[in-house]
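Here is the structure we will look at.
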Amino acid sequence: MFGLILLVVLPVVILTGLLSYIAYGPQFGQAIPFDVGLLKLPTFDWPTRPSWLYRLTQGLHVGLGLIIIPVVLAKLWSVIPRLFSWPPARSIAAILERVSLLMLVGGILFEIVTGVLNIQYDYIFGFSFYTAHYFGAWVFIAGFVAHVSIKFSKMMTGLRSRSMRSVLATSRIDTVPEPSDEDGLVARNPDPATLSRRGMLAVVAGGSALVGVLSAGQTIGESCVARRCCCHEDVATARAQLISRSTAPQLPQGSIRGLPEQTGICDSSALAI
Numbered sequence: 002m003f004g005l006i007l008l009v010v011l012p013v014v015i016l017t018g019l020l021s022y023i024a025y026g027p028q029f030g031q032a033i034p035f036d037v038g039l040l041k042l043p044t045f046d047w048p049t050r051p052s053w054l055y056r057l058t059q060g061l062h063v064g065l066g067l068i069i070i071p072v073v074l075a076k077l078w079s080v081i082p083r084l085f086s087w088p089p090a091r092s093i094a095a096i097l098e099r100v101s102l103l104m105l106v107g108g109i110l111f112e113i114v115t116g117v118l119n120i121q122y123d124y125i126f127g128f129s130f131y132t133a134h135y136f137g138a139w140v141f142i143a144g145f146v147a148h149v150s151i152k153f154s155k156m157m158t159g160l161r162s163r164s165m166r167s168v169l170a171t172s173r174i175d176t177v178p179e180p181s182d183e184d185g186l187v188a189r190n191p192d193p194a195t196l197s198r199r200g201m202l203a204v205v206a207g208g209s210a211l212v213g214v215l216s217a218g219q220t221i222g223e224s225c226v227a228r229r230c231c232c233h234e235d236v237a238t239a240r241a242q243l244i245s246r247s248t249a250p251q252l253p254q255g256s257i258r259g260l261p262e263q264t265g266i267c268d269s270s271a272l273a274i
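Heads up, the sequence shown is in the numbering used here, so the first residue is 2 and it goes up one at a time.
The structure is reproduced here in structure tokens:
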């Protein structure tokens, strides 16, 4: 179930993140990083209307990125025995799978940690967030695509083996272990269940809902502040106020003049990307 949720949500997070890079106009040298080699994206002129388009895409990127953190942690918890199995690989196919797992797990944890630190304006990592987040995203994307290609059929088989209705109707007392599997994720002699599957779903859903409410409140609050700034008589002063925060040193030279007055940072509630 957690895998299915991530399969649906992560492509949205990836796409909106890449749209953020395109919106900064890499063809004009305004985006960071500037030189991305073979990882260049197709560019287009970002539309000036509707003015809230950028705010919507980055609200989805940041909001969904935060909401899925409990889901990611739950998924990692459910497969953690497999991550430390020894020997790590017994065939070429197993080696490729382990490499994809390394890129997938390492990539998503790196993106989450740096992303959360960025929206808190806490740059303790000592390198350019934008450069690292961009290249880290491509590492994650490669691992994600490879892992989905390898595990998609097994995931669908697992979803068909148990209906959601049966999961929600099964109490902790009636919870039975998963049947043994070839991957070794099921314990040979498991202890009695201390939490039902529906309980686990409730814990993760509750955590995601809490994070969603907190992040939405912060985003809406910043949006109101930004809108008041953008209605200021001196637009130049308002724009300078919004980009004078910790992200300002990361902007390329000349980018302040290139910021649109009704879109971009000012009208997008100063969402960090």
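Glycine included, C-beta positions come from ideal geometry on N, C-alpha and C.
- With at least 16 other beta carbons inside 10 angstroms of its own, Gly60 counts as buried.
- Under the three-state reduction of DSSP output, Leu7 falls in the helix class.
- Annotation: Ser52 is outside any alpha helix (DSSP H) and is labelled neither H nor E by DSSP.
- Rounded to the nearest angstrom, the Cβ distance from Ile142 to Ile15 is 6 Å, consistent with a contact under 8 Å.
- In the three-state DSSP reduction, Gln28 falls in the helix class (H, G or I).
- Its chain contains Lys76 and Met156 as the residues whose beta carbon lies nearer than 7 Å to that of Gly4, once the 5 sequence neighbours on both sides are disregarded; these appear in chain order.
- Nearest neighbour of Leu118 by Cα position, chosen from Met104, His134 and Ile69, turns out to be His134.
- C-alpha of Gly127 to C-alpha of Ser162: approximately 47 Å in a straight line.
- In the structure shown, the three-state DSSP call for Gln121 is coil.
- Listed in chain order, the non-local C-beta contacts of Leu20 below 7 Å within the same chain comprise Thr58, local neighbours out to five positions each way being set aside.
- In the structure shown, Leu102 adopts helical secondary structure according to DSSP, grouped into three states.
- With a 10 Å radius around the Cβ and a threshold of 16 neighbouring Cβ atoms, Ser150 comes out exposed.
- By the criterion of a C-beta distance shorter than 7 Å, Leu65 is surrounded in its chain by Val10, Val13 and Val14, once the five residues flanking it on both sides are discounted.
- Under the three-state reduction of DSSP, Met2 is assigned to coil, being neither helix nor strand.
- Closest in alpha carbon position to Ala210, among Leu8, Tyr22 and Val72, is Val72.
- Remark: C-beta atoms of Phe136 and Thr115 do not approach each other more closely than 7 Å.
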